[in-house]
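Remarks on the structure that follows.
There are 2 protein chains.
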Amino acid sequence: MGRTFTELPARSKCSRCRGRARIGLPSHNARFCPDCYLLFFSTAVQRALKRLSVPREEPLLVAVSGGKDSLTAWDILNELGYATHGLHINLGIGDFSEASRERVDAFARARGLSWSEYSLQREFGYSLPEINRRFQGKICSVCGRLKRQHLNRLAVRENYGNLVTGHNLDDEAGRLLGNLVGNRQEYVRKQSPYLPSPHPYIPAKLKPLYRLDISEIRIYCELRGIEPAEIKCPLSRGATSHYFKEALDMLEGRMPGTKRQFLFAYINTRQGETGQEADFGECCFCGHPAYADVCGVCSLKGQMEAKN
Amino acid sequence: MGRTFTELPARSKCSRCRGRARIGLPSHNARFCPDCYLLFFSTAVQRALKRLSVPREEPLLVAVSGGKDSLTAWDILNELGYATHGLHINLGIGDFSEASRERVDAFARARGLSWSEYSLQREFGYSLPEINRRFQGKICSVCGRLKRQHLNRLAVRENYGNLVTGHNLDDEAGRLLGNLVGNRQEYVRKQSPYLPSPHPYIPAKLKPLYRLDISEIRIYCELRGIEPAEIKCPLSRGATSHYFKEALDMLEGRMPGTKRQFLFAYINTRQGETGQEADFGECCFCGHPAYADVCGVCSLKGQMEAKN
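Just so you know, the protein sequences line up as chains Y and S, in that order.
Per my numbering, the first sequence runs over residues 1 to 308.
Per my numbering, the second sequence runs over residues 1 to 308.
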């Protein structure tokens with residue numbers, strides 16, 4: 001991974017300790033030395049966790065893809081003293097999945113952390129390239145749905161009530177903008193960095209990085225020696241979520257602080273109102289919670305089999 | 001004004017009459033000959049007016065700055081057979097105001113239309129450059145407030161119950177996005193292409209161009225031989241509204257139709273709910289409707305006098 005922050009002039013002073021600053025954060029109007037940057041970062045995560053009301057003794061299952069966000073979430077939670085366990089789903093996308101798996105393994109080994117690996121092929125019956133042949137054009141949304149559903153199920157199987165994901169400020173603000181522009185008010189209302197468990201088969205969802213943006217996470221990775229998988233998924237083809245992130249980056253460039261104020265304003269006004277939907281029944285095939293008679297996984301599996 | 005649309009290949013057929021198409025509209029997936037383009041444009045305005053429920057016999061006062069939007073609104077309403085009268089406020093900004101005034105005059109003369117001119121200097125006591133010397137940095141918002149307030153008052157003085165403005169799709173969608181990103185829900189709820197009169201001193205507001213974007217209005221001007229003032233206001237300095245329009249243009253470029261769907265979705269869900277606030281008293285200086293004890297005009301005038 002290349003340098004993610006530019007060196008500041010030698011006389012720049014850290015906004016906190018007045019030592020030599022190396023990292024400038026224009027959106028916070030601050031510059032930090034490496035130690036104070038790590039403190040800033042960990043304070044933002046602790047603030048998030050406090051809002052998410054997670055007790056320190058609660059064990060956390062961390063969904064880890066091998067990318068920068070999920071490895072950062074795992075690293076900082078571990079640093080903050082939480083008991084964590086990694087959960088990796090191997091999607092079977094050739095070199096991409098191999099590199100991702102390898103990054104998770106190296107990261108966990110170096111820190112003595114435990115993790116479980118599951119294969120989508122074994123769990124669902126098909127690897128992502130096989131699914132892609134059937135669902136070309138909308139593979140990103142199908143993959144997202146499959147991962148979400150399998151993470152729920154595997155968390156229950158592994159006996160964890162809290163599932164952590166690495167969603168960052170850009171992910172959350174971009175998703176919010178997309179839902180607002182599409183006038184999907186029910187999704188706007190439901191979007192939250194903390195979703196309590198609505199059913200014994202669905203864990204609570206936590207996003208401890210929701211206050212930190214991509215560039216802040218990159219800096220954290222560099223300072224902490226985290227080496228995430230940098231290879232791009234070969235099946236991805238410009239998900240629309242990228243466009244909304246791009247639009248927000250443009251606004252942020254013109255009016256620094258916009259992205260943060262935007263997301264936080266919505267989260268703050270809806271504090272306590274949100275939750276995962278609770279009005280579901282059971283899938284008539286697998287018995288898992290489902291909005292319709294058949295759950296998303298069984299319905300996709302049916303489509304895969306019908307088209308074979 | 002330069003060419004605003006590219007010539008289509010000679011074999012392009014008009015989507016409506018199959019004659020030679022000259023104008024391509026990607027966001028509508030259509031191409032038109034000039035006659036059918038004018039029909040398309042006038043249909044969009046009629047659709048807007050139908051939604052705004054304006055009876056054909058109602059006389060309309062059109063706020064005309066001399067720019068492309070207001071002249072287009074005036075032209076098409078006249079074409080559609082409405083009784084119209086122009087209302088122009090001379091802001092006193094040197095060459096800019098002179099050129100604007102001259103464009104209104106030339107337009108009205110060519111079509112035999114009546115209009116009234118008012119001078120901000122005479123009505124308010126100060127021209128915009130004088131106000132700018134006091135309110136540098138926020139002159140665009142001060143000017144907007146002054147124009148809004150004076151248009152209300154002059155409409156009443158001229159005895160019109162309906163005030164037309166040239167706000168187009170880009171203006172309305174950009175403003176909506178800005179209000180959503182700033183989480184100003186009360187403004188989101190109030191935004192509408194039609195605001196009924198809430199008080200005898202405040203006219204109903206109509207935006208008959210809200211379904212048409214900037215490029216569509218430019219094409220209309222070219223086809224109809226409208227020559228708007230093209231000179232940029234010398235006091236304007238990047239109002240934030242431009243950034244939101246830019247963000248929407250970016251999204252529109254990636255996902256054609258986004259801007260339109262976005263605005264219409266919000267307008268459609270709030271149909272009938274909106275209105276100008278009705279809970280105001282009277283300004284203790286001028287007696288005009290005001291939210292506080294002193295109206296916006298008198299409060300600005302006070303600030304101008306205090307600083308003299």
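Cβ coordinates follow ideal geometry from the N, Cα and C atoms, glycine included.
Predicted model, so just to flag it, every value in this text is computed and none were measured.
Legend entry - Check whether V54 of chain S and L209 of chain S have beta carbons under 9 angstroms apart: Numbered from its first residue, the second sequence carries residue 54 of chain S at position 54. Numbered from its first residue, the second sequence carries residue 209 of chain S at position 209. No, these two residues do not count as a Cβ contact at 9 angstroms.
Inset, instruction - Count the other CB atoms, across all protein chains shown, that sit within 10 Å of the CB of A306 of chain Y; report buried if there are 16 or more and exposed otherwise. - result: On the first sequence, residue 306 of chain Y is found 306 positions in, with the first residue counted as 1. The C-beta of A306 of chain Y has fewer than 16 other C-beta atoms within 10 Å across all chains shown, which makes the residue exposed.
Inset, instruction - Taking C-beta pairs closer than 7 angstroms, name the residues in chain Y that E246 of chain S reaches, listed in chain order. - result: Here residue 246 of chain S refers to the residue found at position 246 when the second sequence is read from its first residue. Think of a sphere of 7 angstroms around the beta carbon of E246 of chain S: the chain Y residues whose beta carbon falls inside it are M250, in chain order.
Inset, instruction - Have a look at L71 of chain S and P228 of chain S and give me their C-alpha separation to the nearest angstrom. - result: Indexing the second sequence from 1 puts residue 71 of chain S at position 71. Indexing the second sequence from 1 puts residue 228 of chain S at position 228. Roughly 7 angstroms between the two C-alpha positions.
Inset, instruction - For C284 of chain Y, count neighbouring Cβ atoms within 10 angstroms of its own Cβ and tell me buried if that reaches 16, exposed if not. - result: As a first step, residue 284 of chain Y must be located in the first sequence, where it is residue number 284. Classification for C284 of chain Y: exposed.
Inset, instruction - May I ask you to list the residues that DSSP assigns as paired with R20 of chain S? - result: The residue labelled residue 20 of chain S in the question sits at position 20 within the second sequence. Answer is S:K13.
Legend entry - Residues of the segment 169-192 of chain S with Cβ closer than 7 angstroms to any Cβ of chain Y, in chain order: So the list reads L180, V181, N183, given in the order they occur along the chain.
Legend entry - Bridge partners - G86 of chain S, DSSP secondary structure assignment: In the second sequence, the residue the question calls residue 86 of chain S occupies position 86. BP columns for G86 of chain S point to S:V62, S:W115.
Inset, instruction - Run the proximity test for Y266 of chain Y: is its beta-carbon closer than 8 angstroms to any non-hydrogen atom belonging to the ligand ZN? - result: The ligand ZN is not part of this structure, which contains no ligands at all.
Legend entry - For E282 of chain Y, the three-state DSSP class (helix, strand or coil): Translated into the one-based positions of the first sequence, residue 282 of chain Y becomes position 282. Looking at E282 of chain Y - three-state DSSP - the assignment turns out to be strand.
Inset, instruction - Look at the Cβ atom of Y266 of chain Y, then the Cβ atom of Q149 of chain Y, and state whether they are nearer than 9 angstroms. - result: Stepping through the first sequence from its first residue, residue 266 of chain Y is reached at position 266. Stepping through the first sequence from its first residue, residue 149 of chain Y is reached at position 149. With contacts defined by Cβ atoms closer than 9 angstroms, Y266 of chain Y and Q149 of chain Y do not form a contacting pair.
Inset, instruction - Please state whether DSSP places F135 of chain Y in a helix, a strand or coil. - result: Sequence index remark: in the first sequence, residue 135 of chain Y carries index 135 (1-based). DSSP places F135 of chain Y in coil when its eight states are reduced to three.
Inset, instruction - Over the uninterrupted beta strand (DSSP E) stretch that includes K205 of chain Y, give me the two end residues. - result: Taking the first residue of the first sequence as position 1, residue 205 of chain Y is located at position 205. Counting along the chain, the beta strand (DSSP E) containing K205 of chain Y begins and ends at 204-206.
Inset, instruction - Identify which residue in S:G67, S:Q261, S:M250 has its Cα closest to the Cα of G166 of chain S. - result: Against the second sequence, residue 166 of chain S aligns to sequence position 166. Nearest option by C-alpha distance: S:G67.
Inset, instruction - Return the chain-ordered list of same chain residues with a C-beta closer than 6 angstroms to the C-beta of H85 of chain S, the five sequence neighbours on each side being excluded. - result: Locating residue 85 of chain S in the second sequence gives position 85, where the first residue counts as 1. Around H85 of chain S: L61, S114.
Inset, instruction - Let me know the secondary structure DSSP gives R224 of chain S once reduced to three states. - result: Here residue 224 of chain S refers to the residue found at position 224 of the second sequence. Three-state DSSP puts R224 of chain S in a helix.
Inset, instruction - Would you list the residues sitting across from N162 of chain S in a DSSP beta bridge? - result: Locating residue 162 of chain S in the second sequence gives position 162, where the first residue counts as 1. Per DSSP, S:A204.
Legend entry - Touching by the beta-carbon criterion (3+ pairs, under 8 angstroms), the segment 212-222 of chain Y and the segment 281-301 of chain Y: With a cut-off of 8 angstroms, the segment 281-301 of chain Y and the segment 212-222 of chain Y do not count as touching, because too few Cβ pairs lie within range.
Legend entry - Residue environment, C14 of chain S, which counts as buried when at least 16 other CB atoms sit within 10 Å: Position 14 of the second sequence, counting from 1, holds the residue named residue 14 of chain S. So C14 of chain S ends up on the buried side.
Legend entry - H199 of chain Y (DSSP reduced to helix, strand or coil): The sequence position of residue 199 of chain Y within the first sequence is 199, counting from 1. Looking at H199 of chain Y - three-state DSSP - the assignment turns out to be strand.
Inset, instruction - Just mark A292 of chain S as buried or exposed, buried being the case when its beta carbon has 16 or more other beta carbons within 10 Å. - result: Position 292 of the second sequence holds residue 292 of chain S. It counts as exposed.
Inset, instruction - Mind checking which residues open and close the alpha helix (DSSP H) that includes R31 of chain S? - result: Residue 31 of chain S sits at position 31 when you count from the first residue of the second sequence. No alpha helix (DSSP H) contains R31 of chain S, which is instead part of the beta strand (DSSP E) from 30-32.
Inset, instruction - With a 10 Å radius around its C-beta and 16 neighbouring C-beta atoms as the bar for buried, classify E172 of chain Y as buried or exposed. - result: Taking the first residue of the first sequence as position 1, residue 172 of chain Y is located at position 172. With at least 16 other beta carbons inside 10 angstroms of its own, E172 of chain Y counts as buried.
Legend entry - Min CB distance Q303 of chain Y to chain S below 9 angstroms: Numbered from its first residue, the first sequence carries residue 303 of chain Y at position 303. No - not a single Cβ of chain S is within 9 angstroms of the one on Q303 of chain Y.
Legend entry - 6 angstroms CB neighbourhood of F107 of chain Y in its chain, flanking five on each side removed: Taking the first sequence and counting its residues from 1, the one referred to as residue 107 of chain Y is at position 107. Excluding its 5 nearest sequence neighbours in each direction, F107 of chain Y has C-beta neighbours in its own chain below 6 angstroms: L71, listed in chain order.
Inset, instruction - Go ahead and pull the three-state DSSP assignment for L38 of chain Y. - result: Numbered from 1 along the first sequence, position 38 holds the residue referred to as residue 38 of chain Y. DSSP places L38 of chain Y within a helical segment (H, G or I) once states are collapsed to three.
Legend entry - Cβ contact (3+ pairs, closer than 8 angstroms) linking the segment 118-133 of chain Y and the segment 27-38 of chain Y: The segment 118-133 of chain Y vs the segment 27-38 of chain Y: no contact.
Inset, instruction - Using three-state DSSP, classify G2 of chain S as helix, strand or coil. - result: Taking the first residue of the second sequence as position 1, residue 2 of chain S is located at position 2. Any reading at G2 of chain S must be qualified, since the residue scores a pLDDT of 48, below 50, and its modelled position is unreliable; no value is offered.
Inset, instruction - Drop a sphere of 10 angstroms on the beta-carbon of H242 of chain Y, count the other beta-carbons inside from all chains shown, and report buried for 16 or more, exposed for fewer. - result: Position 242 of the first sequence, counted from the first residue, corresponds to residue 242 of chain Y. So H242 of chain Y counts as exposed.
Legend entry - Proximity winner among Y:V104, Y:Y37, Y:R47, relative to F264 of chain Y (alpha-carbon distances): Along the first sequence, read from residue 1 onward, the residue named residue 264 of chain Y stands at position 264. Taking the Cα of F264 of chain Y as reference, the smallest distance to any Cα among Y:V104, Y:Y37, Y:R47 is reached at Y:R47.
Legend entry - Minimum Cβ-Cβ distance from F262 of chain Y to chain C less than 9 angstroms: Considering every chain present, this structure includes no chain C. Its protein chains are Y and S.
Legend entry - chain S within 9 angstroms of T43 of chain Y, Cβ atoms only: Translated into the one-based positions of the first sequence, residue 43 of chain Y becomes position 43. Interface residue (Cβ-Cβ distance to chain S less than 9 angstroms): T43 of chain Y is not classified as such.
Inset, instruction - Would you check if the distance between the CB atom of N183 of chain Y and the CB atom of T258 of chain S is smaller than 9 angstroms? - result: Taking the first residue of the first sequence as position 1, residue 183 of chain Y is located at position 183. Taking the first residue of the second sequence as position 1, residue 258 of chain S is located at position 258. No, these two residues do not count as a Cβ contact at 9 angstroms.
Legend entry - Integer-rounded CB distance, given that L248 of chain Y should sit under 8 angstroms from L177 of chain Y: Position 177 of the first sequence, counted from the first residue, corresponds to residue 177 of chain Y. Position 248 of the first sequence, counted from the first residue, corresponds to residue 248 of chain Y. Under the criterion of beta carbons closer than 8 angstroms, L177 of chain Y and L248 of chain Y qualify as touching, at roughly 6 angstroms.
Legend entry - Residue closest to L212 of chain S, alpha-carbon to alpha-carbon, out of S:E58, S:P193, S:R109: Position 212 of the second sequence, counting from 1, holds the residue named residue 212 of chain S. Taking only the C-alpha atoms, the option nearest L212 of chain S is S:P193.
Inset, instruction - Kindly say whether Y201 of chain Y, judged by its beta-carbon, lies nearer than 9 angstroms to any beta-carbon of chain S. - result: Counting from one through the first sequence, the residue named residue 201 of chain Y turns up at place 201. No, because no Cβ of chain S sits closer than 9 angstroms to the Cβ of Y201 of chain Y.
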